[in-house]
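K.L.:
Take this structure, written in structure tokens, and hold onto it; I'll ask about it next.
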Amino acid sequence: MDKLKISLPIIVEGRYDKATLSGFLSASIITTEGFSVFNNKEKQALIRRISGNGIIVLCDSDGGGRQIRSFLSGILPRDKIHHLYIPKVDGKESRKSHPSKEGLLGVEGMKREVLERLLKPFSSGNSTEKSSKMITKLDFFEDGLSGGKGASQKRAELCRLAELPCDMTANALLEAMNLLYSYEEYKDLVLKIEGE
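So the sequence shown is residues 9 to 204, counted in our numbering.
Written out as structure tokens, the structure is:
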């Protein structure tokens, strides 16, 4: 079965939420890593940067999810946020030994049909994607952006050219580049760094 293509980036709370959605969606999915987004300036900058055309926020229906939604609403333009709400369903995720504090299923525990119904209006249908080739850690290594002498300086220069925070880690920068640029655009930026 083909994956549902969503053109807007989706913000979820954690890696298990992301894994659930990745099973049936073709989309850019960012995690807040729970409440750590409150103090993670790098993650906040990335979220602001990718919200240009709009962003989908899909958090749990509990108090924690409401806090994260509220925080994101405070750092993003309100007209760019699409808040999606999962139904309140009692239960616990199969990987957990105990239910959550409020006893509700989170995004990771929702049935696929429920999540598809919420996200279907944002489906990009048959629209073409910017590029199917992803930028990888190997690309970063081969282009001198990780694992070698001067890699951090080259990453800082790539960040400057890409208008991203200059102190991003290699992994955060890789995620941002895949969200914001095609493989070809990335290679053009690398050529600019080498030409300077």
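Quick reminder that beta carbons are idealized off the backbone N, C-alpha and C, glycines included. As the structure is a prediction and not an experimental result, all values here were calculated from the model.
Suppose you measure from the CA of Ile37 to the CA of Pro17; what does that come to, to the nearest Å?
P.N.:
Rounded to the nearest angstrom, the two C-alpha atoms are 6 Å apart.
K.L.:
With DSSP run on the structure shown, which of helix, strand or coil describes Val65?
P.N.:
The answer is strand: DSSP assigns Val65 an E or B state.
K.L.:
Does the count of Cβ pairs from the region 190-203 and the region 138-155 closer than 8 Å reach three?
P.N.:
Enough Cβ pairs lie closer than 8 Å, so yes.
K.L.:
On the criterion of 16 or more Cβ atoms from any shown chain inside 10 Å, does Phe59 qualify as buried, or is it exposed?
P.N.:
Per the sequence presented here, residue 59 reads as Ser, with Phe not at that position. Ser59 is buried by the Cβ-count criterion.
K.L.:
Using the Cβ count rule (16 or more neighbours within 10 Å means buried), how would you classify Glu171?
P.N.:
That one is exposed.
K.L.:
Taking the alpha-carbon positions, what's the Ile64 to Lys96 distance?
P.N.:
Taking the straight line joining both Cα atoms gives about 19 Å.
K.L.:
Arg77 to Cys67, Cα distance in whole Å?
P.N.:
Distance between the alpha carbons of Arg77 and Cys67: 7 Å.
K.L.:
I'd like the span of the alpha helix (DSSP H) that includes Ile55, first residue to last.
P.N.:
Residues Lys49 to Ile58.
K.L.:
Just mark Met142 as buried or exposed, buried being the case when its beta carbon has 16 or more other beta carbons within 10 Å.
P.N.:
Classification of Met142: exposed, given that the 10 Å Cβ count is below 16.
K.L.:
If you drop the 5 nearest sequence neighbours on each side, which residues of the same chain put their C-beta closer than 8 Å to that of Arg168?
P.N.:
Around Arg168: Cys174.
K.L.:
Any idea which residues DSSP pairs Ser131 with across the strands?
P.N.:
DSSP, once it has assigned bridges, lists Ile14 as partnering Ser131.
K.L.:
Can you check which of these residues, Ile19, Ile14, Glu192 and Tyr24, is closest to Lys104 by C-alpha distance?
P.N.:
For Lys104, the nearest C-alpha among the options comes from Tyr24.
K.L.:
Is the Cβ-Cβ distance between Thr28 and Leu182 less than 9 Å?
P.N.:
No. Outside cutoff.
K.L.:
Taking the beta carbon of Thr40 as the centre, do at least 16 other beta carbons fall within 10 Å, making it buried, or is it exposed?
P.N.:
It is buried - the Cβ of Thr40 has at least 16 other Cβ atoms within 10 Å.
K.L.:
Could you spell out the range, first to last residue, of the alpha helix (DSSP H) harbouring Thr28?
P.N.:
Per DSSP, Thr28 belongs to the alpha helix (DSSP H) from Arg23 to Ser30.
K.L.:
Is it buried or exposed for Thr136, if we count other Cβ within 10 angstroms and need 16 for buried?
P.N.:
Residue placement at Thr136 is flagged as unreliable, the pLDDT there being 39, under the threshold of 50; the coordinate-derived value follows with that caveat. The residue in question, Thr136, is exposed, as its Cβ has fewer than 16 Cβ neighbours within 10 Å.
K.L.:
DSSP state of Asp98, grouped into three classes?
P.N.:
Note: Asp98 maps to strand in three-state DSSP.
K.L.:
Helix, strand or coil for His153? Go by DSSP, reduced to three states.
P.N.:
Before going on, a small fix: residue 153 reads as Leu here, not His. Note: Leu153 maps to coil in three-state DSSP.
K.L.:
So what does DSSP say about Tyr191, is it helix, strand or coil?
P.N.:
DSSP places Tyr191 in helix when its eight states are reduced to three.
K.L.:
Where does Leu113 sit, in a helix, a strand or coil, going by DSSP?
P.N.:
Reduced to three states, the DSSP call for Leu113 is coil.
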